[in-house]
Amino acid sequence: MSEEAWIEEYSEKELNFIEEIQKVEIEEAETLLKKYSLPTLQKNGIALVNLRISSIRTGFGGKTVIELERDPAFSNSDILPVNSFSPGDVVRLSQGGGKSDTRASKSVDKNKGTDPSTEGVITRVQEKSISIALNSEEDVPSLAEGLSIVKLANRTTYERMKDTMIEWKKNLPEYRMPLFYTLTGKREADTSLEEDMISELNFFNNELNDGQKEAVRFSLGVQELALIHGPPGTGKTHTLVEIIRQLVKKGKRVLVSGASNLSVDNIVDRISQYGIPMVRLGHPARLLPSVLNHSLDFLSRSGNCGEVINGISEDIDIELNKIRKTKSGKERREIYKHVRELRKDYRRYESQNVSECLRTSDIVFCTLHGAGSRQLRNEKFDVVIIDEASQALEPQCWIALLGAKKAILAGDHMQLSPNLQTKNPYFSMFERLLKIQGDKVKRFLNIQYRMHELINRFPSNTFYEGKLIPAPAVAKRLLMDLPYVEETELTDAPIYFYDTDGNYQEDGDKDMGTTLYQDSKSNKWEAQIVCHHVSELLSAGLKEEDMAIVTPYNAQVALIRSMLKLRGIEVEMGSVDRVQGREKEAIIFSLVRSNDFREVGFLAEKKRLNVAITRPKRQLCVVGDGNTVKWASDFFQRWMNFLEEEAVVMEVEPSIFE
Ligand SMILES: Nc1ncnc2c1ncn2[C@@H]1O[C@H](COP(=O)(O)OP(=O)(O)OP(=O)(O)O)[C@@H](O)[C@H]1O
Numbered sequence: 001m002s003e004e005a006w007i008e009e010y011s012e013k014e015l016n017f018i019e020e021i022q023k024v025e026i027e028e029a030e031t032l033l034k035k036y037s038l039p040t041l042q043k044n045g046i047a048l049v050n051l052r053i054s055s056i057r058t059g060f061g062g063k064t065v066i067e068l069e070r071d072p073a074f075s076n077s078d079i080l081p082v083n084s085f086s087p088g089d090v091v092r093l094s095q096g097g098g099k100s101d102t103r104a105s106k107s108v109d110k111n112k113g114t115d116p117s118t119e120g121v122i123t124r125v126q127e128k129s130i131s132i133a134l135n136s137e138e139d140v141p142s143l144a145e146g147l148s149i150v151k152l153a154n155r156t157t158y159e160r161m162k163d164t165m166i167e168w169k170k171n172l173p174e175y176r177m178p179l180f181y182t183l184t185g186k187r188e189a190d191t192s193l194e195e196d197m198i199s200e201l202n203f204f205n206n207e208l209n210d211g212q213k214e215a216v217r218f219s220l221g222v223q224e225l226a227l228i229h230g231p232p233g234t235g236k237t238h239t240l241v242e243i244i245r246q247l248v249k250k251g252k253r254v255l256v257s258g259a260s261n262l263s264v265d266n267i268v269d270r271i272s273q274y275g276i277p278m279v280r281l282g283h284p285a286r287l288l289p290s291v292l293n294h295s296l297d298f299l300s301r302s303g304n305c306g307e308v309i310n311g312i313s314e315d316i317d318i319e320l321n322k323i324r325k326t327k328s329g330k331e332r333r334e335i336y337k338h339v340r341e342l343r344k345d346y347r348r349y350e351s352q353n354v355s356e357c358l359r360t361s362d363i364v365f366c367t368l369h370g371a372g373s374r375q376l377r378n379e380k381f382d383v384v385i386i387d388e389a390s391q392a393l394e395p396q397c398w399i400a401l402l403g404a405k406k407a408i409l410a411g412d413h414m415q416l417s418p419n420l421q422t423k424n425p426y427f428s429m430f431e432r433l434l435k436i437q438g439d440k441v442k443r444f445l446n447i448q449y450r451m452h453e454l455i456n457r458f459p460s461n462t463f464y465e466g467k468l469i470p471a472p473a474v475a476k477r478l479l480m481d482l483p484y485v486e487e488t489e490l491t492d493a494p495i496y497f498y499d500t501d502g503n504y505q506e507d508g509d510k511d512m513g514t515t516l517y518q519d520s521k522s523n524k525w526e527a528q529i530v531c532h533h534v535s536e537l538l539s540a541g542l543k544e545e546d547m548a549i550v551t552p553y554n555a556q557v558a559l560i561r562s563m564l565k566l567r568g569i570e571v572e573m574g575s576v577d578r579v580q581g582r583e584k585e586a587i588i589f590s591l592v593r594s595n596d597f598r599e600v601g602f603l604a605e606k607k608r609l610n611v612a613i614t615r616p617k618r619q620l621c622v623v624g625d626g627n628t629v630k631w632a633s634d635f636f637q638r639w640m641n642f643l644e645e646e647a648v649v650m651e652v653e654p655s656i657f658e
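Put into structure tokens, the structure is as follows:
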């Protein structure tokens, strides 16, 4: 096949894939809006009604940011209802929809000439307020009251992926070719090492273990592609930090990207102490507070034109607040005209500062999606590093790789891959490259610094060919070895298993149908056992912040949270997907599924189980029905056999339920 045809075919395949997943997500979101009223959507966390504007200001890029709060005319409390909004969500803002039970899609439909509506992006979520950056400059609603917001599918994510694939197809400059062909499998990866890059290699961090050092050496020396396979707790971030420092020392310009803001910020946090010129792109509301002074937003307001920019921003805010006070259309038009002029100036000065800031940075940090932002258009990098690469969609990775000659991908394809609604299993770029290029492009981090050796055993044997070994310092640690924890029958072993054995079956919440809440499974018996175990650990001296509760279903999270609240206990908890990348001294894992059909549903994915059971350092406590779970597959049978043999199997005493 000719090179042109190869590029064409590959890009088309990716474009079709993006279209397919976008269609599924948008249809799903639109079905919800058509089917349910705003108040019902609010009950389920994806809408907020009866809000009013509390302030207006100018944010990064000269965008109007409005802050919304609860309208006291409709509620006695100023705390927002429980919701699932987070920075980056795209929302539709409209007037009305709160009092009557109107369909969400009807009340916000511009074309039908009903309430005016506008779209924006959430920038900040607080207990009593929520802020939105509006998409266009004349979007400040004329009425500041009776506002509603509802979550929409995020189209820009898909548009960026599509633009990237079109760019790859249309424009493949010479410098990008070798990497493209290696990444798409048209040619075998060249794994020879560049001597210049690895001769006289002095490690900044001498505590790196041999596997980590080899991963650093290989990543530095190889000319196009390195994969770092880092199972849980194996020091992936440590290794990446060393690679980045070594690359900068060799005069290379590096783009560091990751599937999530947190993965990127963890690296920024650790690198920032070394005084390397660097910048973190991304909306400040989505960044860890500790990295804010490296953000482009902060740096561009403090550079050469910083003072001017801040002055213009204040002027815009004053004008925007005038708009809220006037009812005259003529006056409003005039103010908007003035605001537009101010914004033009604002962007001009800001873009000067942004260019300066990027030009002088040896390392640029952003999410994969952020790599597609206009500030990075035409920027080139010697090396692009992608952390959590196994959790990203392939076209997301391509966004970051557009300006690269060499790629280093770190991840673990044995943990959760992107959560797609499609029926087919999804292979990330990381996993696909392992398949097509083989182990020669990979280095494996084999020592984990988190789990007790018994907790390590099942995941190591099942997912990592028995090659994952605990560092001596962690291999024998138990809860009772913590200085403030007493030795009790619940703190002296690494794994506990409360087997409910089919006696305490799950509950299903059918109220919302399957579309809105696919995850509405709970099990009150298991919730009670979890509360009992948590209380016992606290009595033994363990602190609330030392433990977390993990379960595959959000409904179970909510149930356990409410039960613990009654006992005055507040412990971190989340669905399995939310705790990937986290660790705690003790993890309590409630499996929920218990039924006569031996159906384990959502839990069935092996990788989900791997994530859940590799979070604890000193104790894993499993609460579940062995009888349902063990028949799901050979794999679950093996896991149940392991628990029966190795865990302390706990009797489910009736007193637990009192
Ligand atoms: N060579 C080492 N010697 C001693 N401790 C180490 C070493 N490498 C990593 N660690 C420790 O292991 C833990 C995990 O390290 P790090 O956060 O870099 O891992 P990670 O692989 O990125 O984690 P995750 O599982 O969340 O992806 C940290 O507490 C770190 O201090």
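The sequence shown maps to residues 1 to 658 in UniProt numbering.
C-beta: ideal position from N, C-alpha, C; glycine also.
Note that this is a predicted model, so its numbers are computed, not measured.
Legend entry - With 16 other Cβ atoms within 10 Å as the buried cut-off, status of residue 359: exposed
Inset, instruction - Check residue 470 in the structure and name its three-state DSSP category. - result: strand
Inset, instruction - With a threshold of 7 Å, establish whether the CB of residue 235 neighbours any heavy atom of ligand 1. - result: yes
Legend entry - Rounded C-alpha distance that separates residue 470 from residue 67: 48 Å
Legend entry - Within 8 Å, strictly: CB atoms of residue 278 and residue 203: no
Inset, instruction - Put residue 111 into one of helix, strand or coil per three-state DSSP. - result: Confidence at residue 111 is low in this model, with a pLDDT of 35, below 50, so its placement is unreliable and no value can be given for it.
Inset, instruction - Let me know the alpha helix (DSSP H) ranges lying completely inside the region 9-59, each 4 residues or longer, listed in chain order. - result: 38-43
Legend entry - C-alpha gap between residue 134 and residue 377, whole angstroms: 23 Å
Legend entry - residue 221 versus 243, 24 and 386, residue with shortest Cα-Cα distance: 243
Inset, instruction - Pair every Cβ in the region 578-590 with every Cβ in the region 606-622, then say whether three or more of these pairs are closer than 8 Å. - result: Yes, the region 578-590 is in contact with the region 606-622.
Legend entry - Segment contact flag, the region 81-89 with the region 43-51, C-beta cutoff 8 Å, min 3 pairs: yes
Inset, instruction - In angstroms with no decimal places, state the Cα-to-Cα distance between residue 118 and residue 399. - result: 28 Å
Inset, instruction - Would you identify the three-state DSSP class for residue 644, choosing helix, strand or coil? - result: Note: residue 644 maps to helix in three-state DSSP.
Legend entry - Enclosing beta strand (DSSP E) for residue 497 [first to last residue]: 495-499
Inset, instruction - Would you check whether ligand 1 has a heavy atom nearer than 7 Å to the C-beta of residue 438? - result: no
Legend entry - Pick from 362, 336 and 309 that is closest to residue 349, judged by C-alpha positions: 309
Legend entry - Unbroken beta strand (DSSP E) run spanning residue 616, endpoints: Note, residue 616: beta strand (DSSP E), 616-624.
Inset, instruction - Assuming residue 611 contacts residue 416 (C-beta within less than 8 Å), just tell me the rounded distance between them. - result: Contact between residue 611 and residue 416 holds, with the beta-carbon distance rounding to 6 Å and staying under 8 Å.
Inset, instruction - Please confirm whether any heavy atom of ligand 1 lies closer than 7 Å to the CB of residue 230. - result: yes
Legend entry - the region 245-264 / the region 388-397 touching (three or more Cβ pairs under 8 Å): yes
Inset, instruction - Identify which residue in 397, 401 and 432 has its Cα closest to the Cα of residue 413. - result: 432
Legend entry - Where residue 490 falls: helix, strand or coil (DSSP): Here residue 490 sits in coil by DSSP.
Legend entry - Whole runs of the alpha helix (DSSP H) within the region 400-471, excluding any shorter than 4 residues: Listed in chain order, the complete alpha helix (DSSP H) runs (minimum 4 residues) inside the region 400-471 are 429-437 and 453-463.
Inset, instruction - With residue 120 as the anchor, note down where its beta strand (DSSP E) starts and where it stops. - result: 117-125
Inset, instruction - Consider the C-beta atom of residue 274 and the heavy atoms of ligand 1; say whether any pair is separated by less than 7 Å. - result: no
Legend entry - Coarse secondary structure for residue 544, derived from DSSP in three states: helix
Legend entry - Option nearest residue 58 by Cα separation, candidates 76, 36, 123 and 4: Nearest C-alpha to residue 58: 123.
Inset, instruction - Check whether the Cβ atoms of residue 276 and residue 410 sit closer than 8 Å, and answer yes or no. - result: No. Outside cutoff.
Inset, instruction - Give a single yes or no on whether residue 416 has its beta carbon closer than 7 Å to a heavy atom of ligand 1. - result: no
Legend entry - the region 442-452 / the region 207-214 touching (three or more Cβ pairs under 8 Å): yes
Legend entry - N- and C-terminal bounds of the alpha helix (DSSP H) containing residue 91: That residue, residue 91, is in no alpha helix (DSSP H); its beta strand (DSSP E) goes 90-95.
Inset, instruction - Classify residue 289 as buried or exposed, calling it buried when 16 or more other Cβ atoms lie within 10 Å of its own Cβ. - result: exposed
Inset, instruction - Report the rounded CA-to-CA distance for residue 563 versus residue 96, giving the unit in angstroms. - result: 35 Å
Inset, instruction - Could you pull out every residue in the same chain whose Cβ sits closer than 8 Å to the Cβ of residue 269, ignoring the five residues on either side in sequence? - result: 288, 290 and 291
Legend entry - Cβ shell of residue 687 (< 6 Å), same chain only, five flanking positions each side left out: Since the first and last residues shown for the chain are 1 and 658, residue 687 lies out of range.
Legend entry - Opening and closing residue of the alpha helix (DSSP H) in which residue 347 lies: Membership of residue 347 in the alpha helix (DSSP H) is indicated by the continuous run 329-359.
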